[in-house]
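Engineer:
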Amino acid sequence: MLEELKQKVYEANMELPAHGLVTYTWGNVSGIDRKTNLFVIKPSGVPYEDLKPSDMVVMNLNGEKVEGDFNPSSDTPTHLELYKQFCEIGGIVHTHSPWATSWAQASRAIPCYGTTHADYFYGEIPCARSLTTAEIEGEYEKNTGLAIIEAFKEKNPIYVPGVLCANHGPFAWGTDAAQAVHNAVVLEEVAKMAYRAEHLQSTLKAAPQHLQDKHFFRKHGENAYYGQV
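In the working numbering, the protein residues as written are 1328 to 1556.
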């Protein structure tokens, strides 16, 4: 079932250690087939070096396992809530990459200080609020997803394909699993650059809005002209 999607999600998961975004098993990638409303996700706690495409777990949007020999990632309920709310996205990734996680642990959004950020994220990368005791002791992973959704009440998840979860770490997404990982790599680099920039200039301000607009919209939207036709 969904063998092509399993292969793509497997390959996307293998990109995480290749790009230094995970240590041990600290991350996961999923991808969804919108025709069947089934998604494929990494199994929980399986080392990356042991993974095979056939190990990927198939889930439905009711949170039920449809196929797979392993338990799905413990973050599956978070992925599920995001897929239900953001119908435009086709892949999700969660990591504990060190630079982005540092901002998350500080409970800080990442301001847009330059064009690298603006090429991929329109405005700041938000930080979802800390969960309450009741939310943590209840359906923790589901509530993590709901807190992310809350943080995007006034944001376009296609224009801002990533978020930080306070005291936790980053999530990123895209049109498919591969693009989700691409955005996670960019998020980590942007987090590193922003930290360094703040330490070089203590009175640093966000990049001018007209510069942010130029760089984002030359890559995104109906008037984009970056790259090849």
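Quick reminder that beta carbons are idealized off the backbone N, C-alpha and C, glycines included.
Here the structure is a predicted model, which is why all the values come from computation and not from measurement.
Thinking C-alpha only, which one of Asn-1494, Pro-1453, Gly-1418 is nearest Gly-1358?
Structural biologist: Gly-1418
Engineer: Compare the C-alpha of Trp-1430 against each of Asn-1494, Ser-1381, Glu-1481 and name the closest.
Structural biologist: Asn-1494
Engineer: Based on DSSP bridge pairs, tell me the residues matched to Trp-1500.
Structural biologist: Ile-1419
Engineer: I need the DSSP call for Ser-1381, collapsed to helix, strand or coil.
Structural biologist: helix
Engineer: Assuming Leu-1332 is part of the alpha helix (DSSP H), what are its boundary residues?
Structural biologist: Where Leu-1332 is concerned, the enclosing alpha helix (DSSP H) stretches over 1330 to 1345.
Engineer: Does the distance from the CB of Pro-1399 to the CB of Val-1420 come in under 7 Å?
Structural biologist: Val-1420 is positioned such that its CB atom lies no closer than 7 Å to that of Pro-1399.
Engineer: How many Å lie between Leu-1329 and Thr-1471 at the Cα?
Structural biologist: 27 Å
Engineer: Ignore the nearest five residues each way along the sequence and tell me which others in Glu-1525's own chain have a CB closer than 6 Å to its CB.
Structural biologist: So the list reads Leu-1531, once near-sequence residues are dropped.
Engineer: Going by DSSP, what residue range makes up the beta strand (DSSP E) through Ser-1357?
Structural biologist: 1354 to 1360
Engineer: Excluding the five sequence neighbours on either side, which residues of its own chain have a C-beta within less than 6 Å of the C-beta of Glu-1394, listed in chain order?
Structural biologist: Met-1328, Val-1385
Engineer: Would you list, in sequence order, the uninterrupted beta strand (DSSP E) runs of no fewer than 3 residues that lie entirely inside the region 1394 to 1474?
Structural biologist: 1418 to 1422
Engineer: Determine whether the Cβ of Lys-1532 lies closer than 7 Å to any Cβ atom of chain B.
Structural biologist: Given the protein chain composition of this structure (a single chain), no chain B is represented.
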